[in-house]
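Residue 475 in the working numbering sits at position 81 of the sequence shown, and the numbers go up by one each step. Using N, Cα and C, we set each Cβ at its ideal position, and we do this for glycine too. A quick write-up on the structure given underneath.
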Amino acid sequence: MLLSRNDLINVRNEYTDSFNRQHKKILICAGTGCIAGGALEIYDEFVKLMEDKGIDCELGLQKEPHDESVGIKKSGCHGFCEMGPLVRIEPWGYLYIKVKVEDCAEILEKTILNNECVERLAYTKNGKIYKKQEEIPFYKSQTRLALEHCGHIDATSIEEYIAIGGYTALEKALFNMDEESIIKEIEESNLRGRGGGGFPTGRKWSQVKKQKTDIKYIVCNGDEGDPGAFMDRSLMEGDPHRVLEGMMIAAIACGSHEGYIYVRAEYPLAVNRLKNAIIQARSYGILGDNILGTSFSFNIKINKGAGAFVCGEGSALTASIEGKRGMPRVKPPRTVEQGLFAKPTVLNNVETFANVPLIINKSAKWYKSIGPENSPGTKAFALTGNIENTGLIEVPMGSTLREIIFGIGGGIKGGKKFKAVQIGGPSGGCLITSDLDLRLDFDSLKKVGAMIGSGGLVVMDEDTCMVEVAKFFMTFTQNESCGKCIPCREGTKRMLEILQGITSGKGKPSDIDMLLELADTISQTALCGLGKTAALPVVSTIKNFRSEYETHINLKKCPSKTCVGLKTIFIDKELCKGCSKCSRICPVNAISGKIKSTYTIDKDKCIKCGACVEACTFKAIKED
């Protein structure tokens, strides 16, 4: 239990010394993706092998330095998800990709005992071997600030977090700053909310501080519901103490004594890591009553959401914490005035809070030196879709799509052409080739009808059907609509019906105008921000790919041959040998004929499953 500032400083010095003396470290990515690939089995194998060989193995950071010991750690997400499971070896910075349990003995023998790189496990591109993580093109162009500790420390250890400078910003806020100076620093940094709205964080804190009440709340929004997004999850899994520290600084600034982290139950690893971090912080006296011997007290509770996308909206989220159905309410009053339990509430997302300790430690001036003036700092993105390098990245605000997709991402998978990227999830829009040099920041994206959202980037290639993309996101939005307001509840249903008709061959020429009219109505009249942006994917795909909609409607064809309802399967009479294989494999008996004669397909019976196309030895059955 730390009872004073000096206690924290002394403990930090002890653990920093120990951390630095632990010369060799094995950092196994223990994020959700790598765990699914067998990372925990790799960890157990390393421990077993080191025990068998008599190698001094440290599973947790100790105060007493052990110069010859090898630290083995479950780190947070390294980011290069396409290449997982990942293992980083210090002090060399070697990164081994697609590691298997059977590789552990070789890594131990060559690298840990003989200081050699296992080159066959290193990332290779165009014949060049990249031994060190920082040399790999995927990492080289990134600026990792919020994610700086993910993959570099034990995600389950408060000792390691303290050793690398954790809770120094809390210490500074407690002992060297007052409420006004903290808020002033955050205001001057121009830190904007990383949840998608981009509202100035300092202004929000200032508004909560001004409220005349003894009870105020700090709430962290970890309800990351966008398809393809996993930035906040990775932060909560890989650096949970950083999130807690940001919340505590907000509490000091606003005069709050209680906080909540709202995280979806589908993130069990994030929930467990956060619970562990809270227990550790309390045991050290960093969280709880009279923190570090001061009069400041702050407690944090975890609230697990049930996976409703709408609970990412502020008022729906607070209603859910209160035990009510997660539904937005009419505003005003705003959350800063009447939020959780009708009390003033600071509501920021995970990444926003993760930036706060950096600003307090390094100054607003330093933070504003990164990225554009109106949107400074960095942004984490989940890079997914038809791209060579999928994973978690962090780049300065103002970076271009071209730099991200073709630099960090390595270009389109299979050498295909870039077609579009969906940014901001179901609340975002589609960006195309002409947007590749667009600067990714809040204001620039707003001008083209898109938004950063939580940070999902889904890349699409030339074979993607954009009408199907619009239908996918509208299906998601309609399913996730809370149903409280008619525009969202009924409007999204009607839009989905129209899109389903278009992709099944029942589209009408008037459908496009009807979609745009419905979109305008929904955006103008829906109750909450999620409803107002629900139609953006449809509007942006019509704007950029109207001809695809027209082809679906007028010609009853899908240019990319994605829409099953618009496929035509036929038998080429010149190539058919009458073997009957197609007839025998058809699940609905839609193919008939006589042996050694041409077979035919009953279009009314055909479900267009494609089984006959794959089965035909003579390539006589074709899709159009």
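Residue interval of the beta strand (DSSP E) (run including residue i)
i: E1008; result: First-last for E1008: A1005 to A1009, but that is the alpha helix (DSSP H), not the beta strand (DSSP E).
i: Y555; result: First-last for Y555: I552 to A557, but that is the alpha helix (DSSP H), not the beta strand (DSSP E).
i: Y611; result: Y611 to G616
i: C423; result: K418 to C423
i: F964; result: I963 to I965
i: L489; result: Y488 to Y490
i: L825; result: G823 to I826
i: G850; result: G850 to D855
i: G1021; result: The displayed coordinates of the chain run from 395 to 1018. Any statement about residue 1021 would go beyond what the structure contains.
i: K1016; result: I1015 to E1017
Nearest neighbour of residue i, chosen from the options [CA to CA]
i: N1025; options: A516, G706, G720 and T772; result: Here the chain covers residues 395 to 1018 and nothing more, so residue 1025 does not appear.
i: Y943; options: E862, E579, D998 and S986; result: E862
i: K807; options: A499, T871, G823 and G779; result: G779
i: F867; options: F964, G448 and T935; result: T935
i: G470; options: S551, T712, I715 and R658; result: S551
i: G632; options: F692, A424, D620 and L893; result: A424
i: K999; options: R723, D401, S986 and R627; result: S986
i: G487; options: S535, L421 and P531; result: L421
i: A984; options: G849, K990 and T994; result: T994
i: R840; options: L825, G850 and K887; result: Checking the displayed sequence, the identity of residue 840 turns out to be Lys instead of Arg. Checked all of L825, G850 and K887; the closest Cα to K840 is L825.
i: G849; options: G822, T871, D855 and K865; result: G822
i: P790; options: M395, D446, L480 and T537; result: T537
i: I754; options: S974, D411 and E582; result: E582
i: I506; options: I491, N520, L489 and E484; result: E484
i: G818; options: K971, V724, K1016 and L924; result: L924
i: Q456; options: D837, E445 and D548; result: D548
i: I1015; options: S977, F474 and D617; result: S977
i: I655; options: G616, E891, G972 and G803; result: G616
i: C614; options: G682, N508, T607 and V637; result: V637
i: C1010; options: K988, D996, D1018 and S974; result: S974
i: T945; options: P931, V933 and L960; result: L960
i: L949; options: V932, V933, T897 and I916; result: T897
i: P981; options: S535, E884, V1007 and S991; result: V1007
Any C-beta of chain D under 7 angstroms from that of residue i
i: E745; result: Among the protein chains of the structure shown there is no chain D, as only one such chain exists.
Under 7 angstroms between C-beta atoms of residue i and residue j
i: I577; j: R406; result: no
i: F747; j: M630; result: no
i: L752; j: L539; result: yes
i: K525; j: V464; result: no
i: I501; j: Y517; result: no
i: I947; j: K737; result: no
i: K504; j: E496; result: no
i: K811; j: E782; result: no
i: A920; j: C882; result: yes
i: T712; j: G733; result: yes
i: G785; j: L795; result: no
i: L910; j: K865; result: no
i: N697; j: I715; result: yes
i: I963; j: A1005; result: no
i: P726; j: A710; result: no
i: V740; j: A644; result: yes
i: S769; j: F836; result: yes
Exposure of residue i, with buried meaning 16 or more beta-carbon neighbours within 10 Å
i: F413; result: buried
i: E639; result: buried
i: W760; result: exposed
i: A700; result: exposed
i: A702; result: buried
i: D620; result: buried
i: L397; result: exposed
i: N684; result: exposed
i: L541; result: buried
i: P634; result: buried
i: F692; result: buried
i: R482; result: buried
i: M625; result: buried
For residue i, the first and last residue of its enclosing alpha helix (DSSP H)
i: R636; result: P634 to C648
i: R978; result: K975 to I979
i: S469; result: Taken as a continuous stretch (DSSP letters only), S469 belongs to no alpha helix (DSSP H), being part of the beta strand (DSSP E) at V464 to S469.
i: Y533; result: P531 to K534
i: T410; result: R399 to R415
i: V842; result: Here V842 belongs to no alpha helix (DSSP H), and DSSP marks it neither H nor E.
i: I580; result: E573 to S583
i: Y437; result: A433 to K447
i: K604; result: T595 to K604
Quick check on the DSSP output: what are the complete beta strand (DSSP E) runs of length 3 or more inside the segment 678 to 750, in order along the chain? Secondary structure within the segment 678 to 750: the beta strand (DSSP E) runs of 3 or more consecutive residues, fully enclosed, are 693 to 699 and 739 to 743 (chain order).
For a minimum of 4 consecutive residues, which ranges assigned as the alpha helix (DSSP H) are wholly contained in the segment 742 to 819? Counting only runs of 4 or more, we get 744 to 756 and 758 to 762.
- prompt: Where are the beta strand (DSSP E) runs, 3 residues long or more, that stay fully inside the segment 900 to 953, in chain order?
  reply: Fully enclosed beta strand (DSSP E) runs of 3 or longer: not present.
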